[in-house]
Every structure is written in C-alpha cells, then in structure tokens.
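Just below is one structure, and these are the notes that go with it.
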Amino acid sequence: MAATVVAHLELDRPRCEGHGLCEEAAPDLMHLDDEGELVLDVTDISEQDLEAARTAVRVCPVAALKLA
Amino acid sequence: MTAMHPLPSPRVGAPGRIVIVGHGIAGLTAGDTLRREGFSGELTVIGQEPHDPYSRPALSKAMLGDLSTPSPGVVTEVEAQYLAAPSADATVHAGRSAVGLDPEARTVLLDDGGVLAYDGLVIASGARARCFTDSPDEYTLRGLDDARALRQRLADRPAVTVIGGGPLGMEVASAAREAGCEVTLVHRGQPMRRHVGDVLAGLCTSAARDRGLHLVDASVTRVRRDAPAGGLDIELSTGGTLRAEVVVSAIGDDPNDEWLADSGLLTDGRLLIDDWGVVAPGVVAAGDVAWRRSGPGIQRRALWTDAIEQAKVAAAALLHGRSASPVSYAPYFWTEQFGLNLRICGEVPAEVTPTVVDGDLAESRAVLQWEGPTQGGAAAAVNFRIPIPKLRRLARPAPAAA
Ligand SMILES: Cc1cc2nc3c(=O)[nH]c(=O)nc-3n(C[C@H](O)[C@H](O)[C@H](O)COP(=O)(O)OP(=O)(O)OC[C@H]3O[C@@H](n4cnc5c(N)ncnc54)[C@H](O)[C@@H]3O)c2cc1C
Ligand code: SF4
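Chains as they are written, first to last, in the working numbering: chain A, 1 to 68; chain B, 69 to 470.
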C-alpha cells in the first residue's frame, strides 16, 4: 500500500538560485540537474519523508521551497 | 576536556527537555535535527526577535532590491523571505531573551524573570552588528527591522557612505547604487580580498567602480555625530574627514554571549565548541555565537552553511554524545553585488591565481579552480549556473597519483 501523503512540496522556480543546500538536506527528494536547475523527484510527501522535506525547506536561503 | 554525558537516548529512556536559545537558522536547524533524530521530549525555543523566522542572507540582497512601496495584496520581497516555522511540536517564546544560565542547576533565566529547566541546551544566540555611534543616521544591517529601516531611508535617495568592504558592505553599497544613491565605500585595502582572494576581489572592485561606487582606501578611526547640522563626520586613518548624510556600518559582528558571562562556560570570554559542538555536559552550541578550534588557532565562521552544519552535529551530539559524527563539511559561500553573482566552495587561497575551467573572466562569466595546499582547494562560479555538487567536486580535485 502506498504511504499516505501528508504534504506537498512546492518550488517557486523563479526564486530558486540553485544553491543546492536543499539537495544536501534531502537527496532522496530532489537534485540539481546538469544545468544547475533543481528537480523535485518527490512532491507528494509521506510522513516518513516529512522531516527531510522540512529540513530542505529550512535550509534554502531564498525561501524558494514550501510545504503545503 | 569535560566528558560528554549524552542525554538518555529517546530509544532507551526518558526523553527529557531540551531548550534552544536563538531562533535563527542554527537554532531552527538544531530543532529540526533533534526531532529527526527521534527526540520526542519537550522542545522549547527562546528567540529575542519577535518575528517569525526569516532568511538573514536575503536582508542585504533581495530585500534591499526594489524599494518601491508595494501595492496592497502583493507579496513583498520581505514577506517572501520568511522561513518555515520552527520544528513541529516546539514551544516558541518569540520576543523573549535568555539573560542567564546555571549549568550546574541546568536552568536558563529569562528576561521576564522566568526560569526554564533543561536536560539539554542548545546555544544558538548568534551575533549582532558592530557600530560606531548611536546616531539615527548610522545604520547597521543584521535583522529584519534593520532591513526595513534601511529600505525606508534609501527610498529617499540620500548620499550613503558605507564603512567596511566585506561582502555585507559591498552588497549594501551595490543595493544603494541600484536604488540611485551616491555611494562612497571606505575600506582599508582592496574590498572583498580577505573573503574571495585577489582575482575575484579585483573583479568585484572593478564591477563596483563601473557602476559608480566611490572607493576610499582608508580605515576609519572614529565617527562623530554632528549635532546641529545632522549627519556624521567620519575620521580617516589617512588624516582626512568625510562628511556623511547616511552611514551604513558593515564592520563585523560580536557574538551574543553576554547572557553567558556568569555561567563559567566562556573561555577567555569566548564560547568554545569542539568538533561535536559540545561546550559542557548537556550543553552544545552552533552558529555565529560559537568559536571553534582550527589548527593552532580558533575561529568563528559566521556564515549560513556553517551555522547549519554545526547545528546538525550539535543536535545529534546532544542526543547521542560523541558517538555521533563530528563536524565535517566543505565551506560554501555566496554573494551578489554590482551585477556579479559569486558562489564559492572551499577556502580561496588569497594570492594563488586560479585556473579558468569554463567561461571567460574577461566577460565576468567563468568557473574557476584553485589548487589548494592540504585540505583540497577551492572553486568558484562567477555569473555561471552550475550544480553546486559539481562545484564542490572541483574544489576537491581527486588526489594526484603518487
Ligand atoms: C545582512 C546579512 C547578510 C548575510 N549574507 C550571507 C550570505 O550571503 N551567505 C552566508 O553564508 N552568510 C550570510 N550571512 C551570515 C548568516 O546569515 C549568519 O551566519 C547566520 O544567519 C547565523 O545564524 P545563527 O542562527 O547562528 O545566528 P542568528 O541568525 O543571529 O540567530 C540568532 C538568534 O538568536 C536571538 N538571540 C540573541 N540573543 C538571544 C538571547 N539572549 N536569548 C534569546 N534569543 C537570543 C537573536 O535575536 C537571533 O534571532 C549574512 C548575514 C547578514 C547579517
Ligand atoms: S536551496 Fe533553495 S535556492 Fe538552493 S537549490 Fe534548493 S530551492 Fe533552489
């Protein structure tokens, strides 16, 4: 059974500056591609991924990620 | 060195109470990490500033950008920089300060007379800006209120004199120029050199001059209020005096450690952490407030990623003691000024000329690499979009075959 989704991860792409600190915090959820653009690999966040997602949101210095 | 007694691990015993002093990025990251590591006890965060958490680096960048008064309903740059709320299930006392600490009794004293008992304490009270005077014409930039006040003043397009040519001074000077102010920057030697080395500092300085920044090569010995006329007199090491309408001082910061003065935890007036962020049994620290041993000396690296990495390690050590991993990360730093966007991994050796890996420095768009002595080198992206993990790899080139 798929894990219950407790939140959605959103990226405000124009704000993102590609610092990649979020990737370091949550490498299973997102990565920077070869052009330095952030790719969200997981946007439906389960309870299990919630703390990692929160940490990724936290470390972004331009507040480009949001959990809703 | 004091032995570290870890708190009872949440898996084996009573969860206990953890108090975090400071709700900047270090305090918030520590809170997140504690929960992530399974801490299920009481978490209390004390934060002097009454505001919700926000991004401090943005204060001197995006937040000083567009100075027009926002239309109602439009999300302002200031609002857009708010960060996520403190960690789940934390009690947050915003607008409260810690004024004392008794590490024997394990209590924190608050400014309203309250006493908080803890089993574990995270000290993350950050730092504050230095200044010369208490004049309303002298500004510093450390918190959200400072940024709001400076924005408002810049909107009148005064002539601005910035004191200090580090990243903060240069970012403010850049924003003030962008806003249409006459801007003079006073700094002894080449601005930015200490932070980014000769080559990049040269690039920053010429970009600044091209955009109309007046540079004065001197150090400031004193700033005097000129009461009747308003404004300030800046006395220079070179003998002259500069008259200024508005001064922005960007001359460094002092750690917020006064509340620890009687705690017995300061060493020669400094809050020293080890590689786990440990200060004393049950007490860890992280971020701008903390000094760390580095080779023969000690240093305080007051930067965003340092605060984050130190906070992660410190929170884990509070729960698991020194069986947790010690701090280990490559420095990362960025700045935006005078049309230049710099990202730097590693520590740039000031006098070494970098190799241009991609792009062209003459066009201010390049990827640079420095061969470092022992701990690897450094790499920088100048107006160049590159995945930061790739930049990190460039900063740590594979060791040459013996
Ligand atoms: C304008 C500006 C721009 C910057 N730009 C960059 C950049 O581009 N890149 C970069 O890497 N770094 C940058 N930095 C540095 C970076 O922002 C800091 O290193 C980082 O924010 C430090 O986090 P901290 O949590 O340790 O401290 P702080 O963010 O200072 O947080 C400490 C908190 O503790 C509170 N506090 C203080 N004393 C007490 C007390 N006694 N009781 C309770 N609460 C207390 C304070 O009010 C504050 O909210 C910049 C800093 C400034 C000021
Ligand atoms: S940390 Fe923020 S700016 Fe950096 S890549 Fe992630 S979302 Fe983008």
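All residues carry an ideal CB built from backbone N, CA and C; glycine is no exception.
Using a cut-off of 9 Å between C-beta atoms, extract the partners of LEU21(A) located in chain B.
What LEU21(A) touches in chain B: TRP372, THR373, ILE376, TYR400, ILE456.
Please check the pair CYS22(A) and LEU65(A), which I expect to be a contact at CB under 8 Å, by giving their CB distance rounded to whole angstroms.
Indeed they touch by this definition, with Cβ atoms about 6 Å apart.
Cβ-heavy atom distance between TRP344(B) and ligand 1 below 7 Å?
Remark: the shortest separation between the CB of TRP344(B) and any heavy atom of ligand 1 does not fall under 7 Å.
Spell out whether any CB of chain A is found under 8 Å from the CB atom of ALA94(B).
Taking Cβ atoms only, chain A never reaches closer than 8 Å to ALA94(B), which makes this a no.
List the endpoints of the continuous beta strand (DSSP E) containing THR159(B).
That run of the beta strand (DSSP E) goes 158 to 162.
Can you have a look at ALA3(A) and say buried or exposed, based on whether 16 or more other CB atoms are within 10 angstroms of its CB?
By the Cβ neighbour-count rule, ALA3(A) is exposed, with fewer than 16 other Cβ atoms within 10 Å of its own.
Flag VAL59(A) as yes when its Cβ comes closer than 7 Å to any non-hydrogen atom of ligand 2, and as no otherwise.
Correct: VAL59(A) has its Cβ closer than 7 Å to ligand 2.
Can we count CYS413(B) as close to ligand 2, meaning its CB is less than 7 Å from some heavy atom?
Every heavy atom of ligand 2 is 7 Å or more from the Cβ of CYS413(B), so no.
Which residue comes first and which comes last in the alpha helix (DSSP H) that contains ALA447(B)?
Boundaries around ALA447(B) are those of the beta strand (DSSP E), 446 to 450, since no alpha helix (DSSP H) includes it.
ASP321(B) lies in the beta strand (DSSP E); which residues open and close that run?
Boundaries of the beta strand (DSSP E) around ASP321(B): 321 to 323.
Closer than 7 Å, Cβ to any Cβ of chain A: which residues of the region 287 to 302 of chain B, in chain order?
Of all residues in the region 287 to 302 of chain B, none places a beta-carbon less than 7 Å from a beta-carbon of chain A.
Contacts around GLY36(A), its chain only, beta-carbon distance under 7 Å, and the 5 residues preceding and following it disregarded
Cβ within range, chain order: GLY18.
Would you kindly work out how many angstroms separate the C-alpha atoms of ALA94(B) and GLY299(B), rounded to a whole number?
Rounded to whole angstroms, ALA94(B) to GLY299(B) spans 37 Å at the Cα level.
Would you verify that the beta carbon of ALA26(A) is, or is not, closer than 8 Å to some beta carbon of chain B?
No, its Cβ sits nowhere closer than 8 Å to a Cβ of chain B.
The region 376 to 387 of chain B touching the region 214 to 233 of chain B, judged by at least three CB pairs closer than 8 Å
As far as the Cβ criterion goes, the region 376 to 387 of chain B does not touch the region 214 to 233 of chain B, which means the pair count is below three.
For ligand 1, any of its heavy atoms closer than 7 Å to the Cβ of GLU117(B)?
At least one heavy atom of ligand 1 falls within 7 Å of the beta-carbon of GLU117(B).
Buried versus exposed call for GLN220(B) [16 or more other C-beta atoms within 10 Å across all chains shown]:
GLN220(B) should be labelled exposed.
So LEU177(B) and ALA166(B) are supposed to be a Cβ contact under 8 Å. How far apart are they, rounded?
Between ALA166(B) and LEU177(B) the Cβ distance is about 7 Å, and since that is below 8 Å, they are a contact.
Is the Cβ of ALA63(A) closer than 8 Å to any Cβ of chain B?
Using a CB distance cut-off of 8 Å, ALA63(A) counts as an interface residue toward chain B.
ASP44(A) (DSSP reduced to helix, strand or coil):
Strand, per DSSP.
Output the distance between the C-alpha atoms of ARG460(B) and ASP426(B), rounded to the nearest integer angstrom.
Rounded to whole angstroms, ARG460(B) to ASP426(B) spans 15 Å at the Cα level.
With a cut-off of 8 Å, does the C-beta of GLU69(A) fall near any C-beta of chain B?
There is simply no residue 69(A) to check, as chain A begins at 1 and stops at 68 in what is shown.
Taking only beta-carbon atoms, is PRO14(A) less than 8 Å away from chain B?
Not a single C-beta of chain B is nearer than 8 Å to the C-beta of PRO14(A).
With DSSP collapsed to three states, give me the class of GLY181(B).
The answer is coil: DSSP assigns GLY181(B) none of H, G, I, E or B.
Span of the alpha helix (DSSP H) holding ARG103(B)?
Run containing ARG103(B): 93 to 104, per the alpha helix (DSSP H) assignment.
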